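Number of protein chains: 2
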Amino acid sequence: MFSGLSAFPLTPLTDEMLDEASYSALVASLASAGVDSIGALGSTGSYAYLSRPERARIAELAVDSAQAVPVIIGVGALRTRDVLANVEDAQNAGASGVLLAPLAYQPLSDDEVYRLYAEVAASLSVPLVVYDNPVTTHFAFSDELHGRIAQLPAVASIKIPGVSADLATATARVDRLRALIPERVTIGISGDGSGVTGMLAGCDAWYSVLAGVFPHEFVEIAHAAHRGDAELARARADRFAPLWALFASHGSYRVTAAVAEDLGIVGPGILPRPVRGLDPDGRAAVAAALDAAGLRR
Amino acid sequence: MFSGLSAFPLTPLTDEMLDEASYSALVASLASAGVDSIGALGSTGSYAYLSRPERARIAELAVDSAQAVPVIIGVGALRTRDVLANVEDAQNAGASGVLLAPLAYQPLSDDEVYRLYAEVAASLSVPLVVYDNPVTTHFAFSDELHGRIAQLPAVASIKIPGVSADLATATARVDRLRALIPERVTIGISGDGSGVTGMLAGCDAWYSVLAGVFPHEFVEIAHAAHRGDAELARARADRFAPLWALFASHGSYRVTAAVAEDLGIVGPGILPRPVRGLDPDGRAAVAAALDAAGLRR
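As they're listed, the protein sequences go chains A and B.
Here our numbering runs 39 ahead of the position in the first sequence, where the first position is 1.
Here our numbering runs 39 ahead of the position in the second sequence, where the first position is 1.
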């Protein structure tokens, strides 16, 4: 479950309310495409903005629509009490795993983050993915801290941020982390532009945002990269380069939402305020990137 | 209301639940000491960690315990929908103003932050304080954005982070902002170590965390600084320098909590997990600083 391609769907809103039909259809399309797991309520799934009841409902819909594909549910919150409540809801919904980032308002120390994971791990009956996302949490994991947390028996995987485009540098980075964690713990790459390099560098999994919109294409790319077929993986991934360039300038969250809106997979205006979708210039750039790649259906 | 000394009380928890009696006594002690306003549910008041019902209850307790002193309530949340709900609760409780920081999970653009303030301002029947706290929000206000937001009629004050210890530099910083905002909008300094310099540099208000524990002492310091009596203000502020040094190394939130716990103003363990109080070494340093200053009662 914590290797291969994990697709992270958007959570579409309509007038700030969950669009249940679009969400269920989106999750079902990922399952049908043969992804190895589904990451519901990741960052691109807007988890940080949603209430406990909204998140519990989304967990149910994801598990119900995923057919037999394992679902990993994001459970992060600013307060440990709320993380534990989300864990309970995710497990009740039938989650196969949970994903936890160290959200912070007051900057957290390494010891506070370790104790957060230890407390959550002690309450879990499913495996945990450690979610390292410094852009949103502003928490910088050291490899030493990753190693310490990975000793907790509940930890099954670490979702790391993007790696260098240079394969030797990326491989050294993955090897350095690998040396500090138990063999049972997998390493998954995120930052879609780094995905192929990350897999070729030895990551076990690709936690992918664009796979939540283009699951067929990313199953092919990720599986080619996983078996070491660099040529095929890179050739197939190249068409997405213009979108990844837009990720860098506009953020993956807003760009992925604009892609899904452009393609009609979701309705317009799916993000929660204060976040706003791309402006008309940004949307035109997204449309041009999709056209150039032959991705507009 | 948005000038002079505004004291920001802690929100004491006991086993993760609000300690109502301690909180009401704390707020009442600030009012009795003659502070000009009370800032309930600021960062030191743990607002970011509390649920809507908890925050509504705290707003009620604060207004009820503040006698005739105006209460400003923190209403920030990651999602605009939740900010608006907190505004409604604060107004129903009898708040005299609200305080809003641009909390973010996905980094926000200037335009998104402007539109957040515009939307909230349009719903308000009390004045708004713009809360600029880059350490917790990771959002960097430009002075130009402050100027644009300050044009919204609901905006009454801007709470700025600490300024340079050099008075000329601090004065230039305050003057630069002042030139961009309407005359009705006050500027308030935070970062307690900068408070005296900020007031001498022309700030109208001091939004103070230690005033939430030592209100008598800070009323004297702030009022001296406000009328330009630099000598008295600096002489009286000097004794707090060891505490401000600890703010720099351990964070004002944890240190202020440890001070209040040491003095018995609140019970032990008042912070919400994953945040932990200071370790024994940190607490010993706090006790030593209080002893040296003759502040241990």
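Every residue gets a Cβ at the ideal spot worked out from N, C-alpha and C, and that includes glycine.
Quick caveat: nothing in here was measured; it's all calculated off a predicted structure.
Output needed for residue i: all residues of its chain with C-beta closer than 7 Å, excluding positions within five of it in sequence on either side, in chain order.
i, result
"D171/A", "F180, I197, K198, I199, P200"
"S148/B", "none"
"P281/B", "A328, A331, A332"
"A324/A", "L285"
"Q130/A", "S164, V165"
"A72/A", "P254, H255, V258"
"P173/B", "A179, P200"
"A157/A", "L191"
"R187/B", "Y153"
Is there a C-beta anywhere in chain A that falls below 8 Å from the one on residue i?
i, result
"G81/B", "no"
"E151/B", "yes"
"R269/B", "In the sequence as presented, Arg is not what sits at residue 269/B; that position holds Ala. So no, A269/B is outside the interface."
"Y88/B", "yes"
"Q130/B", "no"
"L249/B", "no"
"H177/B", "yes"
"V298/B", "no"
"V305/B", "no"
"Q145/B", "yes"
"Y338/B", "Outside the shown range of chain B (40 to 336) lies residue 338/B, about which nothing can therefore be said."
"L117/B", "yes"
"R96/B", "no"
"R154/B", "yes"
Can you have a look at residue i and say buried or exposed, based on whether 16 or more other CB atoms are within 10 angstroms of its CB?
i, result
"S288/A", "exposed"
"S162/A", "exposed"
"A134/B", "buried"
"Q106/A", "exposed"
"A195/B", "buried"
"A207/A", "exposed"
"D277/A", "exposed"
"A204/A", "exposed"
"R337/B", "This structure gives no information on residue 337/B, because the portion of chain B shown stretches from 40 to 336."
"E183/B", "exposed"
"G303/A", "exposed"
"G267/A", "exposed"
"D318/A", "exposed"
"A95/A", "buried"
"E270/A", "exposed"
Hey, is residue i's beta-carbon within less than 8 Å of any beta-carbon in chain B?
i, result
"E127/A", "no"
"R120/A", "yes"
"E55/A", "yes"
"Y170/A", "no"
"R187/A", "no"
"V174/A", "yes"
"V137/A", "no"
"L184/A", "no"
"P221/A", "no"
"P311/A", "yes"
"V114/A", "no"
"V314/A", "yes"
Just checking my contact of residue i with residue j at CB under 8 Å: how many whole Å lie between their CB atoms?
i, j, result
"D231/B", "L249/B", "5 Å"
"L100/A", "E59/A", "6 Å"
"G321/B", "A46/B", "Contact doesn't hold; Cβ gap of about 24 Å is too wide."
"P141/A", "L123/A", "The pair is not a contact, with the Cβ atoms about 14 Å apart (cut-off 8 Å)."
"E93/A", "L49/A", "The pair is not a contact, with the Cβ atoms about 14 Å apart (cut-off 8 Å)."
"D75/A", "G43/A", "3 Å"
"V305/B", "S61/B", "5 Å"
"V314/A", "E151/B", "6 Å"
Take residue i and list the residues in its own chain whose beta-carbon comes closer than 8 Å to its own, dropping the five residues that flank it on each side.
i, result
"H185/A", "V169, D171, I197, L216, L219, I220"
"E55/B", "P311, R312"
"G241/A", "T210, V213, D214, R217, I226"
"P146/B", "H177, F178"
Considering only heavy atoms of the ligand PLP, does any lie closer than 7 Å to the CB of residue i?
i, result
"D150/B", "Looking at this structure, you won't find the ligand PLP or any other ligand, since it has none at all."
Leaving out the 5 sequence neighbours to the left and right, which residues in its chain are closer than 6 Å to residue i when beta-carbon positions are compared?
i, result
"S233/B", "G201, V202"
"A264/B", "V235, M238, L239, A272"
"G113/A", "L80, G81, Y86, L138"
"A132/A", "A98, E99, V102"
"Y88/B", "P311"
"A70/B", "A105, Q106, V108"
"I309/A", "P51, L52, A296"
"S117/A", "Sequence inspection shows Leu at residue 117/A; the Ser mentioned does not correspond to that position. Excluding positions up to five away in sequence, the list reads L142, Y144."
"L65/B", "P48"
Going by DSSP, which residues form a beta bridge with residue i?
i, result
"L52/A", "L57/A"
"T225/A", "S196/A"
"Y88/A", "In the DSSP output, where bridge partners are listed per residue, Y88/A has none listed."
"V110/A", "I77/A"
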